[in-house]
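2 protein chains.
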Amino acid sequence: MYSIGEVSEMFNIPISTLRYYDKEGLLINLEKDKSGIRKFNESNLEAIRVIECLKKSGMQIKDIKEFMSWVSEGNKTITKRKNMFLKQKENIEAKIKELQKALNMINYKCWYYTQAEKDGNEKRMKNITLKEMPKEIREIWKNVH
Amino acid sequence: MYSIGEVSEMFNIPISTLRYYDKEGLLINLEKDKSGIRKFNESNLEAIRVIECLKKSGMQIKDIKEFMSWVSEGNKTITKRKNMFLKQKENIEAKIKELQKALNMINYKCWYYTQAEKDGNEKRMKNITLKEMPKEIREIWKNVH
DNA sequence: TATTGACCTAAAGTCAGGTTTAGGTGTTAC
DNA sequence: GTAACACCTAAACCTGACTTTAGGTCAATA
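Chains as they are written, first to last, in the working numbering: chain A, 1 to 145; chain B, 146 to 290.
Pasting the structure below:
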């Protein structure tokens, strides 16, 4: 059993955010003692891990809440929950691909500015043609333009 | 030269968003004709590509604006701009790593729910031990917990 | 006993990143 | 010549995800 302060430290999430998640219904089965103080158990910690993961995958609080409500409905929602994770898997994979494309652009720009820095100006680089680029850079450029 | 409507279609960005970027100073050197209509040239399109890329890497509008102002200051900011891209490269790489960690969690959950679905309930899975997991799943689980 | 520290709630406030609205201009299509 | 379109501005509005504030409880320490 952990206090909200301990959980905040463990996950590096502000206390106010944990309370907000609780208020929004993301922390189902979170117990409170007689004076209203939250007591986090292992399954609440697992819920927080899941919340962080679903947030990273781009899911909104209200949809995470819906997922959590399925959890508390038990066996009849197992398939729903599985499908939800399958979909989030696709979402994350798409996000990773997007980021890799952005990384291509950034790598091109890093090369561009490294060259421009050597030249002391952007004259040459502004008008550079595909043929003048090293092979790796050419491939990156094509991916991005 | 492209109209705002054409650019909106090309990039799949709402017209209102393009106008907002212009208002916020992200589209420097964007020309307008005598009656105030925006005319996008190739270098404006490149700016939009860069904006999209920097946004994906997590940069805020106000910082993208600052970058764009460096662009218009010319040669004396080349090193600044290069360093900015080097930093964003790190940011994106960190983001990709985070997403890969989230993907691990999701893959574990996909396996978990596939098993639970077969069983018709979560009893077995709720208490599963490391030893009972297939090797690949065990590795994933360790990465996540 | 009084003060400190960790917790609590409800409600208001904040911030980024747009989007919508209201009212207007200029050019082409019937 | 009038209607339909694509564009314009300024300003208000919206949404999600928190964060801050104000006022209060409770247990342990000085």
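Backbone N, C-alpha and C fix where the C-beta goes; we use that ideal spot for every residue, glycine too.
To which residues does DSSP link residue i through a beta bridge?
i, result
"Lys32/A", "Arg38/A"
"Tyr2/A", "Phe40/A"
Using only alpha-carbon positions, find the residue among the options that is nearest to residue i.
i, options, result
"Gln233/B", "Lys39/A, Trp141/A, Leu103/A, Trp70/A", "Leu103/A"
"Glu93/A", "Lys287/B, Asn236/B, Ile241/B", "Ile241/B"
"Leu172/B", "Ser180/B, Ile149/B, Asn157/B, Lys179/B", "Ile149/B"
"Asn272/B", "Lys280/B, Gln260/B, Glu281/B", "Gln260/B"
"Lys263/B", "Asn75/A, Ser8/A, Asn29/A, Ala47/A", "Asn75/A"
"Leu231/B", "Arg38/A, Tyr112/A, Ser72/A", "Tyr112/A"
"Ile13/A", "Ile48/A, Val71/A, Leu99/A", "Ile48/A"
"Glu187/B", "Gly181/B, Lys179/B, Ser180/B, Asn174/B", "Asn174/B"
"Ile149/A", "Lys39/A, Gly25/A, Ile15/A", "Residue 149/A is absent from the model: chain A starts at 1 and stops at 145."
"Ile37/A", "Ile137/A, Met133/A, Met1/A, Lys101/A", "Met1/A"
"Phe185/B", "Asn288/B, Arg283/B, Val152/B, Ile160/B", "Val152/B"
"Glu316/B", "Ser217/B, Met204/B, Glu191/B", "Since the first residue of chain B shown is 146 and the last is 290, residue 316/B is not available in this structure."
"Glu46/A", "Glu66/A, Leu99/A, Phe11/A, Glu98/A", "Phe11/A"
"Glu98/A", "Glu136/A, Asn143/A, Glu9/A, Glu66/A", "Asn143/A"
"Lys101/A", "His145/A, Asp33/A, Lys135/A, Met133/A", "His145/A"
When burial is assigned at 16 or more other CB atoms within 10 Å of the CB, is residue i buried or exposed?
i, result
"Arg226/B", "buried"
"Tyr20/A", "exposed"
"Met68/A", "buried"
"Ser202/B", "buried"
"Lys276/B", "exposed"
"Ile149/A", "The requested residue 149/A does not occur in the structure, where chain A is confined to residues 1 to 145."
"Asn189/B", "buried"
"Ile291/B", "The first residue shown for chain B is 146 and the last is 290, placing residue 291/B beyond what the model contains."
"Ile64/A", "buried"
"Asn84/A", "Residue identity check: residue 84/A is Met in the sequence provided, not Asn. Looking at its Cβ environment, which holds 16 or more other Cβ atoms inside 10 Å, Met84/A is buried."
"Lys168/B", "exposed"
"Lys109/A", "buried"
Do the region 91-110 of chain A and the region 192-200 of chain B touch if we need at least three Cβ pairs shorter than 8 angstroms? yes
Taking only beta carbons into account, state which residues of the region 63-89 of chain A come closer than 7 angstroms to chain B, listed in chain order. Asn75, Ile78, Thr79, Arg81, Lys82, Phe85, Leu86, Gln88, Lys89
Are at least three pairs of beta-carbons, each pair with one atom in the region 262-270 of chain B and one in the region 113-128 of chain A, less than 8 angstroms apart? no
Can you pull out the residues from the region 13-29 of chain A whose beta carbon lies closer than 8 angstroms to at least one beta carbon of chain B? none
What residues in the region 254-273 of chain B bring their beta carbon closer than 8 angstroms to a beta carbon of chain A? Lys254, Cys255, Tyr258, Thr259, Ala261, Glu262, Gly265, Asn266, Glu267
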